[in-house]
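So for the sequence shown, this note's numbering puts the first residue at 4; every next one is plus one. Idealized CB from N, CA, C, for every residue including glycine. Written below as structure tokens is the structure these notes are about.
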Amino acid sequence: MAKTSFPYSRTVSLEEEIDQLVKELFAHSREFFGLSRGWLPRVDVKEDKERIIVEVEVPGVAREDLNIYLKNGILVITGVKREKPSRRAVKFLRLEREFGSFQRDILLPVPVVVEEAEATLVNGLLRIRLKKYKAAQEAVRIPIKPSNK
Numbered sequence: 004m005a006k007t008s009f010p011y012s013r014t015v016s017l018e019e020e021i022d023q024l025v026k027e028l029f030a031h032s033r034e035f036f037g038l039s040r041g042w043l044p045r046v047d048v049k050e051d052k053e054r055i056i057v058e059v060e061v062p063g064v065a066r067e068d069l070n071i072y073l074k075n076g077i078l079v080i081t082g083v084k085r086e087k088p089s090r091r092a093v094k095f096l097r098l099e100r101e102f103g104s105f106q107r108d109i110l111l112p113v114p115v116v117v118e119e120a121e122a123t124l125v126n127g128l129l130r131i132r133l134k135k136y137k138a139a140q141e142a143v144r145i146p147i148k149p150s151n152k
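Here is the structure:
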């Protein structure tokens, strides 16, 4: 009986290996240049008429390990994903999850009202809602005061 081979499965395996190699190479180059080794959560930024909405995937990150700042039009999100220590000695056969500190800096496309910012964390999704700042849309007449001469 002839042995059947599935070339696609070999391609997927090779793709995974190349992916891992690139990740490791990038991580080591960051350390070489003195940059911190960390991970970067995925971010979506969307807008409607009234607000900017930023969604950040942070599964496994506790609310108390997250910080959100707004400075000079840049939304800064920092956090730590902590690894839970194992009670017994284990040997990893595959380790793909990432742990440690992260920071995401997001340049906002428009000014926002900081005092009305809201953030929620539900099922590993951090959602930040920022109300857009609206300047006066209508022309406002500015009176000219008489001089004191």
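Legend entry - Contact belief for I80 with R107 at Cβ below 8 Å, rounded distance in angstroms: Here residue 80 is taken as the residue at index 77 of the sequence shown, counted from 1. Here residue 107 is taken as the residue at index 104 of the sequence shown, counted from 1. That pair is a contact at about 5 Å.
Inset, instruction - Leaving aside the five residues before and after L43 along the sequence, list all residues of the same chain whose C-beta is less than 8 Å from its C-beta, in chain order. - result: For the purposes of this step, residue 43 is identified with residue 40 of the sequence shown, where counting begins at 1. Answer for L43: F105 and R107, listed in chain order.
Inset, instruction - Kindly indicate if chain B contains any beta-carbon less than 9 Å away from that of L73. - result: Of the chains in the structure shown, none is chain B; there is only one protein chain.
Legend entry - Through-space distance from N151 to V46, alpha-carbon basis: Mapped onto the sequence shown, residue 46 falls at position 43. Mapped onto the sequence shown, residue 151 falls at position 148. Between V46 and N151, the C-alpha separation is close to 58 Å.
Inset, instruction - Look up N70 in the DSSP assignment and give the residues it is bridged to. - result: Locating residue 70 in the sequence shown gives position 67, where the first residue counts as 1. The partner list for N70 (beta bridge, DSSP) reads T81.
Inset, instruction - Starting from F105, follow the beta strand (DSSP E) in both directions and report where the run begins and ends. - result: Residue numbering aside, residue 105 sits at position 102 when the sequence shown is read from its first letter. F105 -> beta strand (DSSP E) spans G103 to L110.
Legend entry - Of the residues K52, R66, I21 and L73, the one placed nearest E118, counting alpha carbons only: Looking up residue 118 in the sequence shown gives position 115. If we check each option's Cα against that of E118, L73 comes out closest.
Inset, instruction - Drop a sphere of 10 angstroms on the beta-carbon of G37, count the other beta-carbons inside from all chains shown, and report buried for 16 or more, exposed for fewer. - result: The count along the sequence shown starts at 1 and reaches residue 37 at position 34. Confidence at G37 is low in this model, with a pLDDT of 49, below 50, so the placement of that residue should be treated as unreliable; the coordinate-derived value is given next. By the 10 Å Cβ count, G37 comes out exposed.
Legend entry - Pairwise C-alpha distance: L129 and F62: By one-based count along the sequence shown, residue 62 stands at place 59. By one-based count along the sequence shown, residue 129 stands at place 126. The sequence given here places Pro at residue 62; Phe does not occur at that position. The alpha-carbon atoms of P62 and L129 are separated by roughly 9 Å.
Legend entry - Residue(s) in a DSSP beta bridge with D47: One-based indexing of the sequence shown puts residue 47 at position 44. The partner list for D47 (beta bridge, DSSP) reads E58.
Inset, instruction - Report the option in V113, I147, L133 and L24 whose CA atom is closest to the CA atom of I57. - result: To locate residue 57, count along the sequence shown from 1; it is residue 54. Checking the sequence shown, residue 57 turns out to be Val, not Ile. Considering only alpha carbons, the answer is L133.
Legend entry - Given R54 as reference, the closest of A65, R91, K135 and T123 once Cα atoms are compared: Locating residue 54 in the sequence shown gives position 51, counting from the first residue. Nearest of A65, R91, K135 and T123 to R54, Cα basis: K135.
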